[in-house]
Amino acid sequence: MTATLAGLERVYLARARELAERGRCSTSPNPPVGAVIVRGTTTLGEGFHRMRGAPHAEAEALRDAAERGVDVRGATLYVTLEPCDHTGLTPPCSQAVIAAGLARVVVGTPDPNPRTAARGLARLRDAGIAVDVVDDERSRRLIAEFAVSSSRTRPYLRLKMASSLDGCIAPRRGVPYWLTGEEARAYVRELRARHDAVLVGAGTVRVDDPRLTVRPLSARRKPYRRVVACEGAAVSTQRAVFAAAHGYDATIVLAPAGLRARFAELEAVADVMYVGAEDAVQLDLTAALERLRAYDVATILCEGGPTLAGRLLALGLVDRFDWLLAPAFLQNVNAVPVFGDGAGEARLRYDRIDVLGRDVLVSGVPLGEQQCSAA
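FYI, the numbering for the sequence shown is 0 to 374, going by numbering that gives the first Met the number 0.
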């Protein structure tokens, strides 16, 4: 049964969500979480999970209250995610809450991890603490990536595409072409910073020659990985994505095992991961994404191009999409469509439409997928 909040209680949970956002780029594979301790109308302590291995939000809020010299016994804790009840890199938050003498805990959303779900809630209730679970949509969105990566064998994948109003990405093949404005490009850089890796197809590397860097890199607490999905023609080792860069690990190349000879040259400049049977010439994207977990990749932003994006959608591997629409019609028989052959049919549900400078962002989730999705 879920609880309904009123008045100031909504304000305190909103503050917890605001705190959680501060850890957005640094907590993976853990989710961003925020917490606020309140007595009456007085905030006693605040905290958020800063990075993997660091104290969780509840412990940070208790530490903040201790530094203020206040007694939290009998107070209420507002936290965006169910307190954990297991020992990992940090002690169980449920035990810390019980030991602190808190009387009530308001939880934004339950733990989606099937291995640990509801254990924290049960522990708190067994200790006599009143627990209200709000099942707040915005709290669920905070942990969308974690909800996927903790319950599946592959990383969470967000697809970003940009097109003209008539559904094209360039006036002709083989030519780099900027469609979107600076505000949209800044949004994409922000998305990169929120994910563990950025994924593109070999065609994008050949045509656009992107570096796929993230700014500011200092906001991250774990290596940011650049990933190229390869099949078909060979890719030059001189492409910018393979250049050594301070603060970056080697680019990861995903290639079919049957094309080892074709992509062997890339082994000098990248970590090449061969996927599938020894005679495979098409990349098994499902298996490739699962293999990326070995690189501590829990979340991926895919930036296309058309063939890769279409296949990911057709295979049901997209958890969220961002479509940037530029105010232009390319109206050219040679124009490149936003999706390549084999994309199939995909039905989507929009949950966000924004204007970014001169462009429009349409964001949402594929229908049939889980509906807790990051904004």
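We put the beta carbon where it would ideally sit given N, CA and C, even for glycine.
Since this is a predicted model, take the numbers as computed values, not measurements.
Based on DSSP bridge pairs, tell me the residues matched to residue 377. Outside the modelled stretch of the chain, which goes from 0 to 374, sits residue 377, for which no answer is possible.
Taking DSSP as the reference, what is the three-state secondary structure of residue 33? Sequence index remark: in the sequence shown, residue 33 carries index 34 (1-based). Three-state DSSP puts residue 33 in a strand.
To test your reading of the DSSP string, which unbroken alpha helix (DSSP H) runs of 4 or more residues are found completely within the stretch 101 to 180? 118 to 125, 136 to 141 and 143 to 148
Please report the distance separating the alpha-carbon of residue 369 from that of residue 100. Along the sequence shown, read from residue 1 onward, the residue named residue 369 stands at position 370. Along the sequence shown, read from residue 1 onward, the residue named residue 100 stands at position 101. Any answer about residue 369 is weak, because its pLDDT of 44 lies below 50 and its placement is not dependable; what the coordinates show is given next. Rounded to whole angstroms, residue 369 to residue 100 spans 36 Å at the Cα level.
To which residues of the same chain is residue 38 closer than 6 Å at the C-beta, ignoring the five residues directly before and after it? On the sequence shown, position 39 is the one that residue 38 refers to. Closer than 6 Å at Cβ, skipping near neighbours: 74.
Is the stretch 16 to 27 close to the stretch 41 to 49, with three or more CB pairs under 8 Å? yes
In whole angstroms, what is the alpha-carbon distance linking residue 131 and residue 92? Along the sequence shown, read from residue 1 onward, the residue named residue 131 stands at position 132. Along the sequence shown, read from residue 1 onward, the residue named residue 92 stands at position 93. When rounded, the distance between both Cα atoms is 16 Å.
Quick test of the definition: if touching needs 3 or more C-beta pairs under 8 Å, does the stretch 158 to 168 touch the stretch 306 to 324? yes
Just the Cα atoms here: how many angstroms apart are residue 88 and residue 243? Your numbering for residue 88 matches position 89 in the sequence shown. Your numbering for residue 243 matches position 244 in the sequence shown. Cα-Cα distance, rounded: 32 Å.
When the Cα atoms are used, what is the spatial distance from residue 97 to residue 117? The count along the sequence shown starts at 1 and reaches residue 97 at position 98. The count along the sequence shown starts at 1 and reaches residue 117 at position 118. Distance between the alpha carbons of residue 97 and residue 117: 16 Å.
Helix, strand or coil for residue 18, going by three-state DSSP, please let me know. As a first step, residue 18 must be located in the sequence shown, where it is residue number 19. Residue 18: helix per DSSP, three-state reduction.
Please state the DSSP three-state secondary structure of residue 93. As a first step, residue 93 is located in the sequence shown; it is residue number 94 there, counting from the start. Helix.
Below 8 Å, can you find three or more Cβ-Cβ pairs linking the stretch 303 to 313 to the stretch 326 to 346? yes
Please classify residue 165 as buried or exposed, where buried requires at least 16 neighbouring CB atoms within 10 angstroms. Numbered from 1 along the sequence shown, position 166 holds the residue referred to as residue 165. Answer is exposed; the Cβ neighbour count stays below 16.
What's the C-alpha gap between residue 184 and residue 289? Your numbering for residue 184 matches position 185 in the sequence shown. Your numbering for residue 289 matches position 290 in the sequence shown. Straight-line Cα distance between these residues: approximately 29 Å.
Stretch-stretch touch, CB-based, cutoff 8 Å, three pairs: the stretch 276 to 294 with the stretch 320 to 333: no
Rounded C-alpha distance that separates residue 128 from residue 182: Stepping through the sequence shown from its first residue, residue 128 is reached at position 129. Stepping through the sequence shown from its first residue, residue 182 is reached at position 183. C-alpha separation (whole angstroms): 47 Å.
Start and end residues, beta strand (DSSP E) containing residue 350: If you number the sequence shown from 1, residue 350 lands on position 351. Run containing residue 350: 347 to 355, per the beta strand (DSSP E) assignment.
Residue 200 CB to nearest chain D CB: under 8 Å? Looking at the structure shown, chain D is missing, and only one protein chain is on hand.
Which residue or residues does DSSP assign as beta-bridge partners of residue 83? Within the sequence shown, the letter at position 84 stands for residue 83. Residue 83 pairs with nothing; no bridge assigned.
If you draw a straight line from the alpha carbon of residue 286 to that of residue 275, how long is it in whole angstroms? Position 287 of the sequence shown, counted from the start, is the residue given in the question as residue 286. Position 276 of the sequence shown, counted from the start, is the residue given in the question as residue 275. Near 8 Å, if we compare the C-alpha coordinates of residue 275 and residue 286.
Using the Cα positions of residue 29 and residue 85, report the straight-line distance between them to the nearest angstrom. Along the sequence shown, read from residue 1 onward, the residue named residue 29 stands at position 30. Along the sequence shown, read from residue 1 onward, the residue named residue 85 stands at position 86. So the two alpha carbons sit approximately 13 Å from each other.
Assuming the contact rule is C-beta atoms closer than 8 Å, residue 201 and residue 241 should be a hit. Round their C-beta distance to whole Å, please. One-based indexing of the sequence shown puts residue 201 at position 202. One-based indexing of the sequence shown puts residue 241 at position 242. Going by Cβ atoms, the distance from residue 201 to residue 241 rounds to 12 Å, so no, they are not a contact pair.
How many angstroms separate the CA atom of residue 43 from the CA atom of residue 8? Here residue 43 refers to the residue found at position 44 when the sequence shown is read from its first residue. Here residue 8 refers to the residue found at position 9 when the sequence shown is read from its first residue. Their Cα atoms are separated by approximately 14 Å.
Beta bridge counterpart(s) of residue 27 as assigned by DSSP: The sequence position of residue 27 within the sequence shown is 28, counting from 1. Paired residues: none, contrary to the question.
Alpha carbons only, please: which of 152, 253, 111 and 143 is nearest the one belonging to residue 283? Within the sequence shown, the letter at position 284 stands for residue 283. Looking at the Cα atoms, 253 is the closest of the given residues.
Which term fits residue 162, buried or exposed, when burial requires 16 or more other beta carbons within 10 angstroms of its beta carbon? The residue given as residue 162 occupies position 163 in the sequence shown. Looking at its Cβ environment, which holds 16 or more other Cβ atoms inside 10 Å, residue 162 is buried.
Measuring only the C-alpha atoms, how far is residue 353 from residue 360? Counted from its first residue, the sequence shown places residue 353 at position 354. Counted from its first residue, the sequence shown places residue 360 at position 361. Looking at the two C-alpha atoms, the distance is approximately 5 Å.
Pairwise C-alpha distance: residue 251 and residue 61: Walking along the sequence shown from the start, residue 61 turns up at place 62. Walking along the sequence shown from the start, residue 251 turns up at place 252. Cα to Cα, residue 61 sits roughly 41 Å from residue 251.
Quick one: Cα of residue 198 to Cα of residue 67, how far? For the purposes of this step, residue 198 is taken as the residue at position 199 of the sequence shown. For the purposes of this step, residue 67 is taken as the residue at position 68 of the sequence shown. One C-alpha to the other measures close to 45 Å.
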